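Undergrad: Numbering (our numbering), first residue to last: 264 to 588. Using N, Cα and C, we set each Cβ at its ideal position, and we do this for glycine too. Computed from a prediction, not measured in an experiment: that's the story for all the values here.
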Ligand code: SF4
């Protein structure tokens, strides 16, 4: 049984102008200890899909699915007690901007020990000792002194380390990292990514790494899901996806990587924007931006599946070796 099994997930936001399909029929599985990268531009549904798993979709968002199972429990239909025992303990999430994730009114100690007392039933003294250990584990020097700091007294990198310490406090089986390096200085980004990769290996936890940056995902992910306009358009082993991408959107994203510029002065760009509620095509959603579009692309692109792989394109052809397309 996979640790995470999402089938047919939809997240819709109705408005007086129509319905925004933020996530459209997303299915994926994640094994224990596996690292899955989810990439795509802003508005592609990467964060919303994981927020649905966490039960964090704001009103008037609507979530429906065949199932969203974590360790065999369907978190969408589970009782509130079961869901609470899973989310925040077995599943933890860190967000893009650590400064807005930490509560500015409370010290690091209060925020860390509260989690440990709530989920682990520790006394304040036990929780404080454990908080010190966790800060040390995420590379914060002089942890006892840092416990008394307020968030505004910490740098961006240190705040993100505190958030990571809080996320791993309950030894989650799944860590969701939503653009964990995007808001940080370039010099700190690599350190935080290294830290996440190290902790993931040490603790054997599964991780979903959400990023708009293919380079970041290529560093740590074993499999990668590429999302566009709420749909997974390609899901493959990372090696295969980076070596032989099959979907035109994946190919365009890879061409836009500075590492693949081959010394050209101008980087490749993808003209146009991710469609919104009012300009959503009736056929393949990528068609208005796709340089390989043909007449058939005015029809919705079929999702071709193989074990562990998916491609959503009329022209995807490779059916070899058990891979999608
Ligand atoms: Fe491009 Fe057509 Fe494939 Fe869509 S279905 S990605 S328009 S080739």
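#1: Should residue 361 go down as buried or exposed, given a rule of 16 or more other Cβ atoms within 10 Å for buried?
#2: I need the DSSP call for residue 512, collapsed to helix, strand or coil.
#3: Could you check whether the stretch 442-458 touches the stretch 413-428, counting it as contact only if at least three pairs of C-beta atoms, one from each stretch, sit closer than 8 angstroms?
#4: State yes or no: is the C-beta of residue 578 nearer than 8 angstroms to some heavy atom of the ligand SF4?
#5: Using CA coordinates, which residue listed in 483, 369, 434 and 390 is at the minimum distance from residue 467?
#6: Count the other CB atoms within 10 Å of the CB of residue 586; is the residue buried (16 or more) or exposed (fewer)?
#7: Could you say which of 402, 498 and 502 lies nearest to residue 461 if we only look at CA atoms?
#8: Is the closest heavy atom of the ligand SF4 to the C-beta of residue 549 under 8 angstroms?
#9: My understanding is that residue 579 touches residue 509, with C-beta atoms under 8 angstroms, so please give their C-beta distance in whole angstroms.
#10: Which stretch, first to last residue, makes up the alpha helix (DSSP H) that contains residue 555?
#11: Going by the C-beta, is residue 511 closer than 8 angstroms to any heavy atom of the ligand SF4?
#12: Cβ of residue 372 within 9 angstroms of Cβ of residue 393?
#13: How is the beta strand (DSSP E) around residue 439 delimited, first residue to last?
#14: At a cut-off of 8 angstroms, is residue 564 close to the ligand SF4 when judged by its beta-carbon and the heavy atoms of the ligand?
#15: Looking at residue 546: is its Cβ nearer than 9 angstroms to the Cβ of residue 561?
#16: Does the distance between the C-beta of residue 572 and the nearest non-hydrogen atom of the ligand SF4 fall short of 8 angstroms?
#17: Quick check on residue 303: does DSSP put it in helix, strand or coil?
TA: In terms of the structure at hand:
#1: Against the chain shown, residue 361 aligns to sequence position 98. That one is buried.
#2: Here residue 512 refers to the residue found at position 249 of the chain shown. The answer is helix: DSSP assigns residue 512 an H, G or I state.
#3: Touching, per the Cβ criterion.
#4: Along the chain shown, read from residue 1 onward, the residue named residue 578 stands at position 315. True, at least one ligand heavy atom lies under 8 angstroms from that Cβ.
#5: Taking the first residue of the chain shown as 1, we reach residue 467 at position 204. Taking only the C-alpha atoms, the option nearest residue 467 is 434.
#6: The residue given as residue 586 occupies position 323 in the chain shown. Bear in mind that the predicted position of residue 586 carries a pLDDT of just 49, short of 50, making it too unreliable to give a figure here.
#7: As a first step, residue 461 must be located in the chain shown, where it is residue number 198. Of 402, 498 and 502, the residue nearest in Cα terms is 402.
#8: Here residue 549 refers to the residue found at position 286 of the chain shown. Yes, since a heavy atom of the ligand SF4 falls inside the 8 angstroms radius drawn around the Cβ of residue 549.
#9: Translated into positions along the chain shown, residue 579 becomes position 316. Translated into positions along the chain shown, residue 509 becomes position 246. Their Cβ separation, rounded to whole angstroms, is 5 angstroms, which keeps residue 579 and residue 509 in contact under 8 angstroms.
#10: Against the chain shown, residue 555 aligns to sequence position 292. Note, residue 555: premise wrong, no alpha helix (DSSP H); not H, not E.
#11: Your numbering for residue 511 matches position 248 in the chain shown. Residue 511: yes, Cβ under 8 angstroms from the ligand SF4.
#12: As a position in the chain shown, residue 372 is number 109, starting the count at 1. As a position in the chain shown, residue 393 is number 130, starting the count at 1. Between residue 372 and residue 393, the C-beta spacing is not below 9 angstroms.
#13: Taking the chain shown and counting its residues from 1, the one referred to as residue 439 is at position 176. Run containing residue 439: 437-441, per the beta strand (DSSP E) assignment.
#14: As a first step, residue 564 must be located in the chain shown, where it is residue number 301. Under cutoff, so the answer is yes.
#15: In the chain shown, counting from the first residue as 1, residue 546 sits at position 283. In the chain shown, counting from the first residue as 1, residue 561 sits at position 298. Cβ distance < 9 angstroms, so residue 546 and residue 561 count as in contact.
#16: By one-based count along the chain shown, residue 572 stands at place 309. For residue 572, the Cβ stays outside the 8 angstroms cut-off from all heavy atoms of the ligand SF4.
#17: Residue 303 sits at position 40 when you count from the first residue of the chain shown. Here residue 303 carries a coil assignment [DSSP, helix/strand/coil].
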